[in-house]
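> In our numbering, the protein residues as written are 6 to 145.
Even for Gly, the Cβ is constructed at its ideal location relative to N, Cα and C.
Predicted model, so just to flag it, every value in this text is computed and none were measured.
#1: Ignoring anything shorter than 3 residues or poking outside the region 67-145, list the beta strand (DSSP E) runs there in chain order.
#2: Any beta-carbon of chain B closer than 9 Å to the one on residue 129?
#3: Residue 108 and residue 84 - do their beta-carbons sit closer together than 9 Å?
#4: Could you give the residue range of the beta strand (DSSP E) that holds residue 62?
#5: Here's the rule: buried if 16 or more other CB atoms are within 10 angstroms of the residue's CB, otherwise exposed. What is residue 68?
#6: Out of 104, 63 and 93, which one is the CA nearest neighbour of residue 77?
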(Lines of atoms letter the chains of each structure in order from A and count residues from 1; the text may use other names and numbers.)
(Lines give C-alpha, C1' and ligand atoms only; values in the text may rest on other atoms or scores of the structure.)
Protein backbone atom coordinates (compact mmCIF):
# COMPACT_ATOMS: atom_id res chain seq x y z
CA UNK A 1 0.00 0.00 0.00
CA UNK A 2 1.13 3.52 -0.81
CA UNK A 3 2.19 5.79 2.09
CA UNK A 4 -0.47 8.49 2.46
CA UNK A 5 0.47 10.30 5.63
CA UNK A 6 3.78 10.86 7.37
CA UNK A 7 4.28 12.70 10.66
CA UNK A 8 7.92 13.16 11.54
CA UNK A 9 9.44 14.32 14.83
CA UNK A 10 6.60 16.69 15.76
CA UNK A 11 6.75 18.83 18.88
CA UNK A 12 4.09 21.23 20.15
CA UNK A 13 4.67 23.50 23.13
CA UNK A 14 1.97 25.74 24.59
CA UNK A 15 2.61 28.64 26.93
CA UNK A 16 4.33 31.98 27.30
CA UNK A 17 7.48 30.87 25.45
CA UNK A 18 6.37 28.09 23.08
CA UNK A 19 9.68 27.84 21.18
CA UNK A 20 11.05 25.00 23.25
CA UNK A 21 10.77 22.99 26.43
CA UNK A 22 11.72 24.25 29.83
CA UNK A 23 14.97 22.72 31.02
CA UNK A 24 14.31 20.46 33.96
CA UNK A 25 16.34 21.15 37.07
CA UNK A 26 19.22 18.74 37.45
CA UNK A 27 19.96 16.78 40.58
CA UNK A 28 20.42 19.17 43.48
CA UNK A 29 19.47 22.18 41.32
CA UNK A 30 16.61 24.39 42.47
CA UNK A 31 13.81 25.42 40.08
CA UNK A 32 14.20 29.17 40.47
CA UNK A 33 17.82 29.40 39.25
CA UNK A 34 17.00 27.25 36.19
CA UNK A 35 14.06 29.43 35.19
CA UNK A 36 16.12 32.54 35.90
CA UNK A 37 19.01 31.45 33.68
CA UNK A 38 16.90 30.06 30.81
CA UNK A 39 14.58 33.05 30.66
CA UNK A 40 11.65 30.70 30.18
CA UNK A 41 8.39 31.00 32.02
CA UNK A 42 6.73 28.60 34.42
CA UNK A 43 3.47 27.24 33.06
CA UNK A 44 4.69 26.04 29.69
CA UNK A 45 3.02 22.82 28.56
CA UNK A 46 4.33 20.09 26.28
CA UNK A 47 1.45 19.19 23.94
CA UNK A 48 3.37 16.66 21.83
CA UNK A 49 6.91 15.42 22.15
CA UNK A 50 8.68 13.78 19.21
CA UNK A 51 5.55 12.28 17.62
CA UNK A 52 6.12 10.28 14.45
CA UNK A 53 3.91 7.96 12.42
CA UNK A 54 3.49 6.59 8.91
CA UNK A 55 0.06 5.64 7.58
CA UNK A 56 -0.78 3.99 4.27
CA UNK A 57 -3.82 5.14 2.29
CA UNK A 58 -7.04 4.36 4.16
CA UNK A 59 -5.30 3.14 7.30
CA UNK A 60 -4.78 6.19 9.55
CA UNK A 61 -6.24 5.85 13.05
CA UNK A 62 -5.22 7.71 16.20
CA UNK A 63 -6.36 6.76 19.68
CA UNK A 64 -5.03 7.05 23.19
CA UNK A 65 -5.79 7.75 26.81
CA UNK A 66 -7.69 10.86 27.78
CA UNK A 67 -5.32 13.81 27.60
CA UNK A 68 -2.69 12.09 25.46
CA UNK A 69 -2.91 14.75 22.71
CA UNK A 70 -4.89 12.99 19.99
CA UNK A 71 -6.85 16.22 19.40
CA UNK A 72 -3.64 18.27 19.26
CA UNK A 73 -2.33 15.91 16.59
CA UNK A 74 -5.61 16.02 14.62
CA UNK A 75 -5.71 19.83 14.80
CA UNK A 76 -2.15 19.93 13.45
CA UNK A 77 -3.07 17.58 10.56
CA UNK A 78 -5.67 20.17 9.60
CA UNK A 79 -3.32 23.13 10.31
CA UNK A 80 -5.83 24.51 12.81
CA UNK A 81 -2.79 24.85 15.07
CA UNK A 82 0.83 24.88 13.92
CA UNK A 83 3.44 22.53 15.34
CA UNK A 84 6.41 24.06 17.14
CA UNK A 85 8.63 21.84 14.98
CA UNK A 86 8.45 18.73 12.82
CA UNK A 87 6.78 17.77 9.56
CA UNK A 88 3.31 16.73 8.40
CA UNK A 89 3.31 15.24 4.89
CA UNK A 90 0.28 14.15 2.88
CA UNK A 91 0.98 12.38 -0.42
CA UNK A 92 4.63 13.41 0.04
CA UNK A 93 3.85 17.14 0.26
CA UNK A 94 4.67 19.13 3.40
CA UNK A 95 1.71 21.01 4.90
CA UNK A 96 3.91 23.67 6.53
CA UNK A 97 3.71 26.42 3.93
CA UNK A 98 0.41 25.70 2.22
CA UNK A 99 -1.84 28.63 1.39
CA UNK A 100 -5.25 28.85 3.08
CA UNK A 101 -6.89 27.96 -0.26
CA UNK A 102 -4.72 24.86 -0.67
CA UNK A 103 -5.42 23.79 2.92
CA UNK A 104 -9.18 24.15 2.34
CA UNK A 105 -8.88 21.84 -0.69
CA UNK A 106 -6.81 19.32 1.31
CA UNK A 107 -9.34 19.39 4.18
CA UNK A 108 -12.19 18.96 1.73
CA UNK A 109 -10.64 16.10 -0.25
CA UNK A 110 -8.03 14.30 1.88
CA UNK A 111 -8.56 14.78 5.63
CA UNK A 112 -11.55 13.91 7.82
CA UNK A 113 -11.80 14.92 11.46
CA UNK A 114 -14.62 14.35 13.93
CA UNK A 115 -14.65 16.83 16.81
CA UNK A 116 -15.11 15.36 20.27
CA UNK A 117 -17.89 17.61 21.53
CA UNK A 118 -20.73 15.35 22.63
CA UNK A 119 -23.50 17.66 21.37
CA UNK A 120 -22.38 17.64 17.73
CA UNK A 121 -24.84 15.54 15.72
CA UNK A 122 -26.13 13.73 18.84
CA UNK A 123 -28.68 11.75 16.78
CA UNK A 124 -25.97 10.15 14.58
CA UNK A 125 -23.86 7.10 15.30
CA UNK A 126 -20.05 7.40 15.20
CA UNK A 127 -20.03 5.73 11.77
CA UNK A 128 -22.61 8.25 10.51
CA UNK A 129 -20.52 11.14 11.87
CA UNK A 130 -17.41 9.90 10.07
CA UNK A 131 -19.23 9.72 6.72
CA UNK A 132 -20.93 13.14 7.01
CA UNK A 133 -18.10 15.07 5.34
CA UNK A 134 -18.01 12.76 2.34
CA UNK A 135 -21.82 12.91 1.99
CA UNK A 136 -21.81 16.72 2.15
CA UNK A 137 -19.02 16.91 -0.43
CA UNK A 138 -20.95 14.62 -2.82
CA UNK A 139 -24.14 16.69 -2.38
CA UNK A 140 -22.35 19.96 -3.20
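In terms of the structure at hand:
#1: 90-95
#2: In the structure shown, chain B cannot be found, because there is only a single protein chain.
#3: Walking along the chain shown from the start, residue 84 turns up at place 79. Walking along the chain shown from the start, residue 108 turns up at place 103. Yes.
#4: Working through the chain shown from its first residue, we reach residue 62 at position 57. Where residue 62 is concerned, there is no enclosing beta strand (DSSP E), given that its DSSP letter is neither H nor E.
#5: In the chain shown, residue 68 corresponds to position 63, counting from 1. Residue 68 comes out exposed.
#6: Here the question's residue 77 lines up with position 72 in the chain shown. Measuring from the Cα of residue 77, the nearest candidate turns out to be 93.
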